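**Student:** Taking my numbering, the leading residue of the sequence shown gets 4, the next gets one more, and so forth. Note that CB positions come from ideal geometry on N, CA and C, so glycine has one too. These numbers were taken from a predicted model, which means no experiment stands behind them.
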Amino acid sequence: MIPVRDELPTRRFPIVTVALIGLNGIIFFYQILGGLSSEAFFFRVGLVPAFLWGKVHPLQGSFPPFLTLFTSQFVHGNFPHLFFNMLYLWIFGNNVEDFLGHVHFLFFYLVCGLVAGLLHAGIFLDSLTPTVGASGAIAGVMGGYLILFPYARVIVMVFWGFFVQFVRVSAVTLLGFWVFLQVVYALFSLAAPTYGGVAWFAHLGGFIVGVLWSKIVSAFFYRRIYW
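1) Does DSSP classify Q185 as helix, strand or coil?
2) Hey, how far is the Cα of L70 from the Cα of L55?
3) Per DSSP, what kind of secondary structure is P17 in: helix, strand or coil?
4) Using the Cα positions of F169 and I158, report the straight-line distance between them to the nearest angstrom.
5) Which same chain residues end up closer than 7 Å to I18 when comparing Cβ atoms and leaving out the 5 residues on each side of it in sequence?
6) With DSSP as the reference, please indicate the residues paired to I158 in a beta bridge.
7) On the DSSP bridge list, what partners appear for T176?
8) Assuming S243 is part of the alpha helix (DSSP H), what are its boundary residues?
9) Leaving out five residues before and five after S221 in sequence, what residues of the same chain have Cβ atoms less than 7 Å from its Cβ?
10) How about H26 and F77: are their beta carbons less than 9 Å apart?
11) Enumerate in chain order the residues of its own chain whose CB-to-CB distance from P68 is below 7 Å, with the five nearest sequence positions on each side excluded.
12) List the endpoints of the continuous alpha helix (DSSP H) containing V118.
13) Taking C-beta to C-beta, are S173 and R156 nearer than 9 Å?
14) Does the separation of the CB atoms of A142 and F73 fall below 9 Å?
15) Check the Cβ-Cβ distances between A124 and every residue of chain C, and say whether any is below 9 Å.
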C-alpha cells in the first residue's frame with residue numbers, strides 16, 4: 004500500500020513541512036549538479052556508527068560524527084529515496100504541524116531523527132555503512148499522526164498484479180501495517196551477515212519517539228481544555 008493523500012484538512016499553512024521538503028530537494032539537486040552522490044560524500048555527511056562511537060577515525064573532511072546525526076537527515080541516496088520520503092512527510096507532516104505549531108513541530112522532527120539515528124548506531128555499533136535519509140524523522144511524524152489522528156482517512160494505492168486500485172483506509176490500519184513490516188524487517192536485519200540496506204531500527208526509533216511525544220502533548224492539550 005502506497006499512501007497518496009489524506010482527507011484531513013489543515014487550519015494553517017504547513018510552512019515548516021514545506022520548508023523541509025524544499026530543503027531536502029535543494030540538497031539533493033545540489034548533490035546531483037555537484038557530482039556529490041559518490042560513496043565518499045556519503046561517508047562525510049552520513050551517519051556511520053563506527054565513526055560516531057570512535058571505533059574508526061572519520062575520513063578527512065568529514066563532518067564531526069555527532070553532527071552527522073543531523074546532516075544525514077537531509078541527504079538522500081537517489082531520487083526514489085527522496086520522492087517517497089517527501090511524499091510521506093507531506094501526507095502526514097502537515098496535520099501534525101498544524102496540531103503542534105510550527106516551531107514545536109520542527110523541534111519534534113529533528114529530535115525524532117536524532118533518536119532514530121542513535122538507535123540504529125547503538126544496535127550496529129561497528130557498522131561502516133553510511134546511513135542517509137529523512138525516514139527516521141518522518142517515521143516520528145507518522146507516529147505522531149497515529150496518536151493524534153488515528154481515524155483519519157488516507158487514500159492508498161493497492162497493487163493487484165498489473166492493476167491498481169485506490170482505497171480509503173484509516174490511519175491506524177495503514178500505520179499499523181507499516182509498523183508490522185518495520186518490526187519484521189528489523190528482526191531480519193539482525194541476522195544479516197553484513198550491514199547495509201535500510202535502517203529499519205531507525206524507523207522504529209523515530210516512530211516510538213513520535214508516539215510517546217504525541218501521547219504526552221495530546222494528553223496535556225485535552226487536560227487544558229477540559230479542566
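**Tutor:** Quick answer:
1) Residue numbering aside, residue 185 sits at position 182 when the sequence shown is read from its first letter. DSSP places Q185 in helix when its eight states are reduced to three.
2) Translated into positions along the sequence shown, residue 70 becomes position 67. Translated into positions along the sequence shown, residue 55 becomes position 52. The alpha-carbon atoms of L70 and L55 are separated by roughly 9 Å.
3) As a working mapping, residue 17 is identified with position 14 in the sequence shown. If DSSP states are grouped into helix, strand and coil, P17 belongs with coil.
4) As a position in the sequence shown, residue 169 is number 166, starting the count at 1. As a position in the sequence shown, residue 158 is number 155, starting the count at 1. If you take the alpha carbons of F169 and I158, they lie about 6 Å apart.
5) As a position in the sequence shown, residue 18 is number 15, starting the count at 1. Cβ neighbours of I18 beyond the five flanking positions: H105.
6) Here residue 158 refers to the residue found at position 155 when the sequence shown is read from its first residue. DSSP lists R8, R171 as partners of I158.
7) Residue mapping note: residue 176 aligns to position 173 of the sequence shown, counting from 1. T176 pairs with nothing; no bridge assigned.
8) Given a span of 4 to 230 for the chain in the structure shown, any question on residue 243 remains unanswerable.
9) The count along the sequence shown starts at 1 and reaches residue 221 at position 218. Close CB contacts of S221 within its chain, under the 7 Å cut and outside five residues either way in sequence, are with I150, L151 (chain order).
10) Your numbering for residue 26 matches position 23 in the sequence shown. Your numbering for residue 77 matches position 74 in the sequence shown. It is Leu, not His, that sits at residue 26 in the sequence shown. For the 9 Å CB-CB criterion, L26 and F77 form a contact.
11) Here residue 68 refers to the residue found at position 65 when the sequence shown is read from its first residue. Within the same chain, P68 has close Cβ partners F54, L55, P61.
12) Residue 118 sits at position 115 when you count from the first residue of the sequence shown. First-last of the alpha helix (DSSP H) with V118: 105-126.
13) Taking the sequence shown and counting its residues from 1, one reaches residue 173 at position 170. Taking the sequence shown and counting its residues from 1, one reaches residue 156 at position 153. When the beta-carbon positions are compared, S173 and R156 come within less than 9 Å of each other.
14) Position 139 of the sequence shown, counted from the first residue, corresponds to residue 142. Position 70 of the sequence shown, counted from the first residue, corresponds to residue 73. Contact: no.
15) No chain C appears in this structure, which consists of one protein chain only.
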